[in-house]
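All residue numbers in the sequence shown are consecutive under the numbering used here, ending with 836.
Take a look at the structure set out below.
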Amino acid sequence: MCRREESEIVSFQFNGTSSTEFPWLIINRVESPMLSPIENKMIEVPDRSGAFYFGQKVSSRTEQVKITILADSLEELAHRKRMISGWLSTSEPKPFRYSYEDKEYQAILDGSTDLEKTVADGEVTLSFLIPDPYACGIEVKSQIIVGAPRVTEDTHTQRSWSEGNLDGVEASPNGLQLQKIGIDQEKSISQFDTGNHHQTQGTSKLTLDGTSLPTSQSYQDDFADGENINVRVVDGTLRIAQLPVWEERDNMESWSQSGWEAKITENAVSQTSDGARIHCSGVSAALVKDHPTLKFPQAFEFVYRLKPPTSPTNGYENKASFQIIEARDGKNYRFSISLDETSTLKWIRVVLTSPTTGDVYINGMHDRSIASPSVTSLTPRIQFIIDHSLRNQGDMDIIQFYRKSGVMHEKIGSIGFPYRGERVTPPIDLSSLGIYQSSEIRFETLTPTGFNGFDSTSHLKISILRNGKWSDYQTLVVGEGIPGLSSGDSLTGVQVKLKETLEVYDIEHPPQIISVGIVVNGKRFVYYTDGRYETLAEGLQSVTKARKATFSWRETKPHGTEIKCYLALEINGILGEFKEVANGADIPQVNPTMDLTKAKLFVRFDLQTTDPKITPEVNSYSYHFVTAYKPKGERISKGVALSSLKSIEESSITWDTTPDSSPDVELYVQFVEPSQTPTSNGWYLVKDNPSTIPNVDLTKRLYTKQVITSDGMTTPTLQRLLWEIEEKAGNIVLYDGTIKAYPKIRITFNQVVPDQFKIHHQETGKQLILNRSFQIGDEVEIQNQTGKVTTNGALDMVSLSIQSAFFFLQPGSNTFIVSPENVCTVYLEWKERFL
C-alpha cells in the first residue's frame, strides 16, 4: 500500500471535477495499492502432490482517499456534505485520477463510504471501487491506417481558372490563356452609296457606270411564219379560209325574182328592205320555192326573225315552220323544222345527213336532231310557212338563204359562228433594245359591212413574255403603245407575240388584214470600259495591334471583265501606298508590331470590261482584324489552407499546356501565413513538370502563380494545373500501453465495394469481415470493446461474418491489411492501458 501524506499536496479528479474546486475539502492522505489483487488459478488432483497452474485473475481494485470537510457550523457542514454527495454519487463508473499521474481509471464510489458520519473538522474515508483494474492514458490516440487525407487543387475548367487574381490573362473554355491586346474588328460592307465613284455606281452592289443610247426595232408581218389557223394569204392579204361554198345564195332582197312564190294567202307575203316578210294572223301563208329535182341529203342556212303579229289572234302561238320536201320511191317526203318566236335575228343551219336524218343548229350551236320525214302530198320544194291550221301566227322576216346539195358535215356540237380565222406571229425578241421608251402599232384592215349589223371584224392583240411567263393577250389600239409596258421598264428577256383575228357572219362580205406592224423604241445602257471606286476611311484604333488581318469580297465577274482590289493604310495622318490584295488574302501592310491606334484603312476597287453590254459586280467586301495577344500575363490562385494535415507523406505538382511543354508557361509556388498575402519576391519557380512541391509548410496557405508570355501571334494555353499534398499514413500502429486495448474503427468509403470488405490484424490473425456492398460516402463504425457494428448510424450486425473476431491492440507493433485496397479511409481511435 502506497501512502501519500498531506504535505505532498495531493488532489484527485472524478467525473470531470477536481477536488481543488472545493477549498474547504482537505485531502489528508491517499491509500493506493501498487497492484490490483491477483488470484492465481490452481487445480489440484487427488493423490497428486502440488497443483496445476491455470493462469491469473486480476480482480477489481479499491482506491481510498481520506478527507476532512471544514465548516464553521453544523448547518454549513450539512450543506457542504450535500455538495460532495452530488459530485461523487454516480450510477456508473466515471473517470478517476490523481493529480500526480497521467493515467486514469473508471471508478464509482463504494457503498462503504458513509458521509453522514462526518462531523465538524472530522475525517472520513472515500472508497472508490475500480471494476477495471487497469489504468488508461488520458490522451485519446488515433491513426489513419488506410486512405490518408490529402489537400489538392485541380484547376481545369473555365470557372476554376477564373478564380483568383488575373492580370493580362483570361479563363477560356480551353484553359488559361493570354488576353488580347485590343478588340477584334470584323466588318462586312454591302452598300456603295458613299465613297468616291469614278465611272462606277452602286448602292447594294458596285458596278461600272455608263451612258444610254437610243434603240429601235420594227416588225412587219409577212403572214409567212408563225401559226395560221383557218386563214390564208391572198394577194398579200390575210383572209379567212374554208368559208362554206353554197350552190344557192340568196340575200332575199328580191325574192320574187329568185324563184320564190307567195302561196295560200299571197298578200300575206311581202318584200322589205331586209328581205321577205310573212304576216299572218287568222290565215295561213307560205313562201315557196319549187325544187322538182331536190334530193336528200341537203344543207341550208337562213336568218330569220319571228315576232307577234300586230293584231294577234287569241289562242294562237307565234310559230312558223321551215319545210323541205323531196320525191323518192313514188312518194313525197317532208322534213318540217319548227321556228320559235324571236325578237332578234337567229342564224339557222339545217344539215340533212341522210334521207331520214338531220340536225338543226341555232347561232352555231347544235339545237336538235331530226328524223323520219313524213309523207306529204306536196310537191318537192323548199318553203317557209305559218300554218293557221296548226294555230300558228306571227310576223316573220327571212333575211338570207343558202343551200348546198350533199352532206355538208356530220353531227357536231358547234359550227363557226361567226366564221373565224386567226394568226399568231413568231415571238419578237426585244431584249436588245435595253430599256423600253415607246411603241407604235400599225394595223390596216378591210372589214365590209354585213346585213343587219352582221358586220365583219378584225382584231389585233399582243402577249408579253416576262420572267419566263407569257401574259394573257391584250387588245392593241392603233396610235397607242403596248399595254403592260411602261417607259423605263427593262426589256431584258422580253418577247412579244401578235394575234391577228378575222370574223365574218355574212360570207358575201369577208374581211381582210392588209398590213400588220409594230415599232418599239428603247434605250440601251452602255457601260464604261473601266472605273474606280474608293471607300471612306475605316478606323482601326480598337484593334491596337493585329496578329492577323484578312480582306475578301464577293463578286460576279462575267467573261471579259476584271476586278482588282487595292488597300492602303493611313498612319498618323499619312496615307501610304495602295497595294493590290488577292481575294481572301492577308492585308500586306499589317504586321503584329504595327501600332494601329491611329490607323485607318482605305479600299479601292478597279473595274474593267471589254464588252460595254456587261459589267463586273462587287456584291460586298469584308475585312477581319484579329488583335494580337498581350506579351505577358499572370494569374495568382486563391490560397489553400494545409492545416487539416498533420504530417506530409508526399507532394506533387503537374500541369498540361498547348503547345505541349511550352517554355512560355512558368509555374511558381509560395507558402503564406493565413493572415497575410503573397509577396512579389516570395515566389519559388517550379522548374520540372511533374515535380514535388518545395518547402511545404502545413501551417501556411499555399498559393500558385502562373505566368504566360507570347510574341503576340499566338498564346500558349494552360489547360490544367494539379497539385496535391498527402498526409503520412501507415498500416502499422505502435501501441505503448502495457495491457491490450480495444480500438474503435471508423471506415469512410470513397469507392463502390460490390460485395465484401475485410480488415486483417496480422499479429493476432484476427479479422473483421463485412459481407455487403458499400456506396461512395457510406460510413461504418466498429466498437471492438463492445462488439458493435453500425453502418451510416444504424446497427448492422447482420453484415458481420461469423468468421469475424473483434481484435485488440497489443503492446508493440500492430499491422493491419484491408481488402479491397484503395476504396476507403480507415481511422483507428484508442486509449492506451496500463497495469
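Where a beta carbon is used, it is the ideal one built from N, C-alpha and C, also for glycine.
Coarse secondary structure for residue i, derived from DSSP in three states
i	result
His280	strand
Gln159	helix
Phe452	helix
Leu845	Nothing about residue 845 can be read from this structure; the chain reaches only from 2 to 836.
Ser648	coil
Leu78	helix
Ser432	helix
His560	coil
Met798	helix
Ala600	strand
Leu71	coil
Met397	strand
Gly203	strand
Arg329	strand
Trp684	coil
Leu89	helix
Leu391	helix
Glu22	helix
Straight-line gap, residue i to residue j (C-alpha atoms, nearest Å)
i	j	result
Trp162	Ile184	22 Å
Ile338	Gly469	53 Å
Ser320	Asn393	Checking the sequence, you will find Lys at residue 320 rather than Ser. About 5 Å.
Lys82	Ala136	29 Å
Ala225	Ser219	17 Å
Ala121	Asp111	Low confidence applies here, because Ala121 scores a pLDDT of 47, under 50, leaving its location unreliable and the question unanswered by this model.
Asp251	Glu228	35 Å
Cys825	Ile748	7 Å
Arg62	Phe808	26 Å
Val627	Lys549	5 Å
Val604	Ser623	10 Å
Ser645	Thr153	12 Å
Val591	Lys181	17 Å
Tyr828	Ser143	7 Å
Val59	Leu78	39 Å
Pro691	Glu667	12 Å
Phe526	Thr716	55 Å
Buried or exposed (CB count within 10 angstroms, at least 16 for buried), residue i
i	result
Met43	exposed
His199	exposed
Asp222	buried
Ile575	exposed
Arg424	buried
His80	exposed
Trp656	buried
Ala372	exposed
Thr208	buried
Gln178	buried
Met35	exposed
Trp256	buried
Boundaries (first-last residue) of the beta strand (DSSP E) holding residue i
i	result
Lys347	343-353
Ser143	142-147
Thr705	702-710
Thr502	496-505
Trp831	825-831
Phe242	Reading off the sequence, residue 242 comes out as Ala, not Phe. Here Ala242 belongs to no beta strand (DSSP E), and DSSP marks it neither H nor E.
Asp490	Here Asp490 belongs to no beta strand (DSSP E), and DSSP marks it neither H nor E.
Ile265	It is not in any beta strand (DSSP E) - Ile265 carries neither H nor E in the DSSP assignment.
Arg307	Residue identity check: residue 307 is Leu in the sequence provided, not Arg. Start and end: 299-308.
Lys614	Per DSSP, Lys614 belongs to no beta strand (DSSP E) and is neither H nor E.
His761	757-762
Gly813	813-820
His460	458-467
Phe418	From DSSP, Phe418 is part of no beta strand (DSSP E); its letter is neither H nor E.
- prompt: How about the segment 13-31 and the segment 39-51: do they share at least three Cβ pairs that are nearer than 8 Å?
  reply: no
message: Closer than 8 Å is the cut-off here; do at least three beta carbon pairs connect the segment 372-391 with the segment 291-304?
response: yes
- prompt: Is the segment 652-669 in contact with the segment 734-751, if contact means three or more CB pairs nearer than 8 Å?
  reply: no
message: Under 8 Å, with one C-beta from each stretch per pair, do the segment 285-292 and the segment 306-316 reach the 3-pair mark?
response: no
task: Check whether the segment 753-766 touches the segment 169-176, taking contact to mean three or more Cβ pairs, one atom from each stretch, closer than 8 Å.
output: no
message: Across the segment 492-512 and the segment 561-581, are there enough close Cβ pairs to call them in contact, namely three or more that are closer than 8 Å?
response: no
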